[in-house]
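The block underneath contains the structure these notes are about, expressed in structure tokens.
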Amino acid sequence: HKFDPITQQHYYNLHTVFAAVDKAERSYGVDAVVEQQKSKLNAQIKSATEEIAAINKAIADTAGDTYKRLKEEADQFTEAAKLKTRMAAYGYHSQISAAVDKEEWLQVDLGESVAISEIRIHPTSDDFNQIGNGFGFPTRFRIECSDDPTFKESSVVADQTKFDYPNVGLAFYSSSPESVAARYVRITATKLTARLNDYIMAISEIVVLDEAGQNIALNKTTSAATSIEQGERWGKQNATDGIWPLPMDVSKTQQRASLLLRAEVELKKARTPERVKRLSELAKLVKDAQAALDAQPAGRMVYAAATEFNPRGGFQPTKGKPRQINVLYRGDILKPGDPAIPGTIPVFANSADTFQLPEDHTEGDRRAALAHWLTRNDHPLTWRSIVNRIWQYHFGRGIVNSSNDFGRMGELPTHPRLLDWLAAEFRDNGQSIKDLHRLIVSSSTYRQAATHNEKNATIDGGNRFLWRMNRRRLSAEEIRDSILMVSGRLDNRMGGEGYYLFELERPEHSPHYEYHKHDPRDVKSHRRSIYRFIVRSQPDPFMTALDCADSSQSTPTRDETITSIQALALLNNKFNLAMAEYFAEDLQQSEQDLTSQVKLAFERITGRTPAVNDLEALVQYAQQHDLANVCRLLYNLNEFVYVD
């Protein structure tokens with residue numbers, strides 16, 4: 051840091067705390083009871099899945115030397131089996147299923163009954179959920195041939211429905227039927243393949259060779275039980291387009307697949323009846339828990355911090371496993387330095403700036419450690435910073451005027467003992483923001499008037515020591531909300547979706563935010579300004595005129611200017627014109643005669659009864675220009691927009 055004793059290492063240590071967290075679209079539940087039930091079901095699924103993995107590992111460990119030898123031989127062809135060139139058209143992809151045992155099928159119409167010598171099924175390759183080669187290839191399936199498109203009568207030429215077919219990458223599955231002639235060839239998945247939290251069937255190509263070795267399925271019509279039709283990427287017709295992903299070496303890839311299949315046979319021998327039974331029980335438990343989870347009400351989609359979300363290309367979720375963060379000296383990504391350690395910036399003299407976490411800690415443990423560090427009783431910043439900012443909201447400036455900077459370049463507190471006392475009171479008495487507000491506003495300092503005193507002004511012209519109350523202008527949001535309130539139109543509902551103060555045009559490309567086309571009479575926009583939709587690149591002109599803060603930057607204190615534009619905005623903006631009419635209508639319904647209506651309007655705006663001469667002038671103005679224009683004039687009073 052340029053001024054404070056914070057090193058690059060400290061920044062990276064703090065970054066490491068959030069190394070497993072991304073920002074993404076994810077489901078957010080608002081019902082605590084539902085979320086507790088979801089957590090319980092997810093815990094059951096996780097526990098069962100971990101036990102399944104442990105049993106499968108135990109089976110592999112006891113499978114014997116033949117299994118291990120076959121696996122080692124297959125591993126020698128790993129490089130040869132890698133994807134050579136990715137194609138634009140990936141192949142066929144079924145609709146997503148929540149059930150693993152939902153049947154999906156894909157068939158090709160050869161046009162006429164033809165003698166078939168070989169059928170090949172080529173896998174796809176897709177990086178979704180980091181699956182890669184073999185993506186979606188059915189776990190259990192059969193291949194049938196028939197002259198009947200409904201397959202009421204058919205010949206099964208390959209049956210892979212008895213045990214799971216392993217993922218052999220880009221190696222194609224081959225079946226060579228004897229003495230079979232048919233017009234239709236169908237592959238039916240009886241057990242789908244896991245994708246993320248769901249199941250699918252996906253294949254790249256169906257190749258049907260005749261006795262001359264020609265692919266008679268090329269460009270032939272296909273049909274399917276279900277299909278995702280997604281441009282060039284996915285579509286059932288892609289299964290006969292003659293394009294499929296190729297490995298680096300086709301021959302070695304097929305050898306690798308043969309070795310893996312033989313290893314699977316050896317693995318099957320190690321599955322004892324007890325293990326098979328337990329795996330079946332666990333699979334049922336996962337299925338039932340997933341069904342119960344799917345039956346729960348869906349959460350609201352939000353863009354927020356997430357460790358689990360649907361992957362998009364190379365943007366993959368961490369699933370709670372923190373990424374390794376290396377210190378990049380001078381920002382050079384090609385020369386990563388030492389790994390950063392979860393920690394924070396040093397604010398204590400000679401204190402540790404890294405967290406003492408166990409080796410098997412979770413990503414949540416890191417964030418919890420940061421939270422505990424921030425809220426420890428002897429933290430020199432947290433409690434002072436909070437009370438200083440609340441003080442600033444009431445007095446216009448904090449005890450430390452640089453509320454965003456308590457470091458070496460920050461200002462010294464005007465009342466250091468008061469700051470410490472307030473911080474201790476807040477920390478030790480329930481940490482209630484409401485109680486802190488009550489303590490401040492009930493003080494004699496807060497209850498002072500803004501009356502000028504020449505003697506005091508000579509000593510402290512900036513009123514740093516608060517010998518009087520600072521006169522404060524309402525913020526842009528407060529002015530808008532106050533206008534809605536006095537007009538009788540403020541909607542005080544809490545929570546829910548926000549609203550636009552503009553008309554959105556051409557949202558699909560280069561959106562236009564047309565503030566001047568918005569109808570201020572739209573009741574959806576009569577809620578408090580905190581719920582308005584903010585466009586950082588194109589702020590609301592009316593709010594900007596009233597010194598509304600730039601939402602794209604951290605703004606510790608609002609600028610306060612006095613310009614003619616503000617007066618013109620309060621007089622002529624469409625919002626103020628509409629609210630003035632509503633205000634006048636409300637006054638006319640509340641009082642019978644014009645004088646009483648004007649008097650009530652003045653009382654609502656200023657909180658006091660008007661002087662006789664002021665009332666007479668306003669009534670005369672109302673007689674000449676109507677009551678709504680009096681309301682417009684009252685919106686411009688200093689007594690309305692300033693707090694003494």
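For any residue, its number in this note's numbering is found by taking its place in the sequence shown, counting from 1, and adding 50.
Quick reminder that beta carbons are idealized off the backbone N, C-alpha and C, glycines included.
>> At the level of alpha carbons, what is the spacing between H487 and A82?
In response: Residue numbering aside, residue 487 sits at position 437 when the sequence shown is read from its first letter. Residue numbering aside, residue 82 sits at position 32 when the sequence shown is read from its first letter. For H487 and A82, the distance between alpha carbons rounds to 29 Å.
> What's the C-alpha gap between Y234 and A113?
Replying inline: Along the sequence shown, read from residue 1 onward, the residue named residue 234 stands at position 184. Along the sequence shown, read from residue 1 onward, the residue named residue 113 stands at position 63. Y234 and A113: Cα-Cα distance of roughly 40 Å.
> Excluding sequence positions up to five away, which residues of its chain have a Cβ less than 7 Å from the Cβ of V680?
Replying inline: Position 630 of the sequence shown, counted from the start, is the residue given in the question as residue 680. V648, A651, L668, Y671 and A672, listed in sequence order.
> Taking Cβ positions, are E358 and P367 nearer each other than 8 Å?
Replying inline: Taking the sequence shown and counting its residues from 1, the one referred to as residue 358 is at position 308. Taking the sequence shown and counting its residues from 1, the one referred to as residue 367 is at position 317. Contact: yes.
> Based on the DSSP output, what are the partners of Y563 in its beta bridges?
Replying inline: Against the sequence shown, residue 563 aligns to sequence position 513. Looking at the DSSP assignment, Y563 forms a beta bridge with L554.
> Expressed to the nearest angstrom, what Euclidean distance is found between the alpha-carbon atoms of L554 and S575?
Replying inline: Taking the first residue of the sequence shown as 1, we reach residue 554 at position 504. Taking the first residue of the sequence shown as 1, we reach residue 575 at position 525. Each residue's alpha carbon lies about 14 Å from the other.
> By the 10 Å Cβ neighbour count, where 16 or more other Cβ atoms means buried, how is K96 classified, buried or exposed?
Replying inline: On the sequence shown, position 46 is the one that residue 96 refers to. Exposed: under 16 other Cβ atoms inside 10 Å.
>> Using DSSP's beta-bridge definition, name the partner residues of F365.
In response: By 1-based counting over the sequence shown, the position of residue 365 is 315. Its beta-bridge partners are R362.
> Is the CB-CB distance between E527 and I580 below 8 Å?
Replying inline: Reading the sequence shown from its first residue, position 477 is the one you call residue 527. Reading the sequence shown from its first residue, position 530 is the one you call residue 580. Contact: yes.
>> At the level of alpha carbons, what is the spacing between D538 and S77?
In response: On the sequence shown, position 488 is the one that residue 538 refers to. On the sequence shown, position 27 is the one that residue 77 refers to. Here residue 538 turns out to be Gly, not Asp, going by the sequence shown. The alpha-carbon atoms of G538 and S77 are separated by roughly 37 Å.
> Using CA coordinates, which residue listed in R582, Q588, A333 and S560 is at the minimum distance from Y550?
Replying inline: Within the sequence shown, the letter at position 500 stands for residue 550. Checking every option, the nearest Cα to that of Y550 belongs to R582.
> Between the Cα of S493 and the Cα atoms of Q481, M519, I181 and N479, which residue gives the shortest distance?
Replying inline: As a working note, residue 493 is residue 443 in the sequence shown. When only C-alpha atoms are compared, the closest one is M519.
> Which residue from R328, D382, A239 and D248 puts its Cα closest to that of F178?
Replying inline: Counted from its first residue, the sequence shown places residue 178 at position 128. It is D248 whose Cα lies nearest to the Cα of F178.
> Helix, strand or coil for D198 per DSSP?
Replying inline: To locate residue 198, count along the sequence shown from 1; it is residue 148. Three-state DSSP puts D198 in coil, outside helix and strand.
>> By the DSSP assignment, the alpha helix (DSSP H) with T240 in it spans what residues?
In response: Position 190 of the sequence shown, counting from 1, holds the residue named residue 240. Taken as a continuous stretch (DSSP letters only), T240 belongs to no alpha helix (DSSP H), being part of the beta strand (DSSP E) at V230 to K241.
> What residues in its chain sit with their C-beta under 7 Å from that of A617, if we drop five residues either side in the sequence?
Replying inline: As a first step, residue 617 is located in the sequence shown; it is residue number 567 there, counting from the start. N686, listed in sequence order.
>> Contact defined as beta carbons within less than 8 Å: I believe Q638 pairs with L677. What is the distance between those atoms, to the nearest angstrom?
In response: As a first step, residue 638 is located in the sequence shown; it is residue number 588 there, counting from the start. As a first step, residue 677 is located in the sequence shown; it is residue number 627 there, counting from the start. About 7 Å separates the two Cβ atoms, so the contact holds.
>> In the DSSP output, what is G182 paired with across the bridge?
In response: For the purposes of this step, residue 182 is identified with residue 132 of the sequence shown, where counting begins at 1. G182 is bridged to D176.
> Under 8 Å, do A231 and V164 count as touching if we go by C-beta distance?
Replying inline: Position 181 of the sequence shown, counting from 1, holds the residue named residue 231. Position 114 of the sequence shown, counting from 1, holds the residue named residue 164. Contact: yes.
>> Runs of 4 residues minimum, wholly inside the region 364-451: which ones carry the alpha helix (DSSP H) assignment?
In response: 413-424 and 432-445
> What runs of the alpha helix (DSSP H), each 4 residues or longer, lie entirely inside the region 95-150?
Replying inline: 115-125
> Considering I56, what are the terminal residues of the beta strand (DSSP E) in which it resides?
Replying inline: Residue mapping note: residue 56 aligns to position 6 of the sequence shown, counting from 1. Per DSSP, I56 belongs to no beta strand (DSSP E) and is neither H nor E.
> Considering W155, what are the terminal residues of the beta strand (DSSP E) in which it resides?
Replying inline: As a position in the sequence shown, residue 155 is number 105, starting the count at 1. First-last of the beta strand (DSSP E) with W155: E154 to I166.
> Taking the runs of the beta strand (DSSP E) that are 3 residues or longer, which of them lie wholly in the region 239-277?
Replying inline: 255-259 and 272-274
> Just checking, does the region 456-474 make contact with the region 433-442 on the three C-beta pairs under 8 Å criterion?
Replying inline: yes
> So, helix, strand or coil for A70, using DSSP?
Replying inline: Sequence index remark: in the sequence shown, residue 70 carries index 20 (1-based). Reduced to three states, the DSSP call for A70 is coil.
>> DSSP three-state label for F191, please.
In response: Indexing the sequence shown from 1 puts residue 191 at position 141. Here F191 sits in strand by DSSP.
>> In the DSSP output, which residue or residues are listed as bridge partners for E635?
In response: For the purposes of this step, residue 635 is taken as the residue at position 585 of the sequence shown. Its beta-bridge partners do not exist; DSSP assigns none.
>> With a threshold of 7 Å on Cβ separation, who are the neighbours of L310 within its own chain once the five nearest residues in sequence on each side are excluded?
In response: To locate residue 310, count along the sequence shown from 1; it is residue 260. Counting only Cβ-Cβ distances below 7 Å, and skipping sequence neighbours, we find A124, P216 and V218.
> Is Q346 helix, strand or coil by DSSP?
Replying inline: Here residue 346 is taken as the residue at index 296 of the sequence shown, counted from 1. It is coil, neither helix nor strand.
> When the Cα of G73 is compared with those of K369, T238, K624 and T607, which residue comes out closest?
Replying inline: Residue 73 sits at position 23 when you count from the first residue of the sequence shown. The amino acid occupying residue 73 in the given sequence is Lys; Gly does not appear at that position. The residue with the shortest Cα to Cα distance from K73 is K369.
>> So V258 and I169 are supposed to be a Cβ contact under 8 Å. How far apart are they, rounded?
In response: Against the sequence shown, residue 258 aligns to sequence position 208. Against the sequence shown, residue 169 aligns to sequence position 119. Sure, about 6 Å apart at Cβ, within 8 Å.
>> Which same chain residues end up closer than 6 Å to H143 when comparing Cβ atoms and leaving out the 5 residues on each side of it in sequence?
In response: Mapped onto the sequence shown, residue 143 falls at position 93. A252, I278 and W284, listed in sequence order.
>> Whole angstroms are fine: how far does the CA of R497 sit from the CA of R571?
In response: By one-based count along the sequence shown, residue 571 stands at place 521. By one-based count along the sequence shown, residue 497 stands at place 447. Looking at the two C-alpha atoms, the distance is approximately 38 Å.
> Can you give the Cα-Cα distance for P557 and Y563, rounded to whole angstroms?
Replying inline: Along the sequence shown, read from residue 1 onward, the residue named residue 557 stands at position 507. Along the sequence shown, read from residue 1 onward, the residue named residue 563 stands at position 513. Using only the alpha carbons, I get a separation of about 9 Å.
> Hey, P173 and S254 are a contact pair by Cβ (cut 8 Å); roughly how many whole angstroms apart?
Replying inline: Within the sequence shown, numbered from 1, the residue matching residue 173 stands at position 123. Within the sequence shown, numbered from 1, the residue matching residue 254 stands at position 204. Their Cβ separation, rounded to whole angstroms, is 6 Å, which keeps P173 and S254 in contact under 8 Å.
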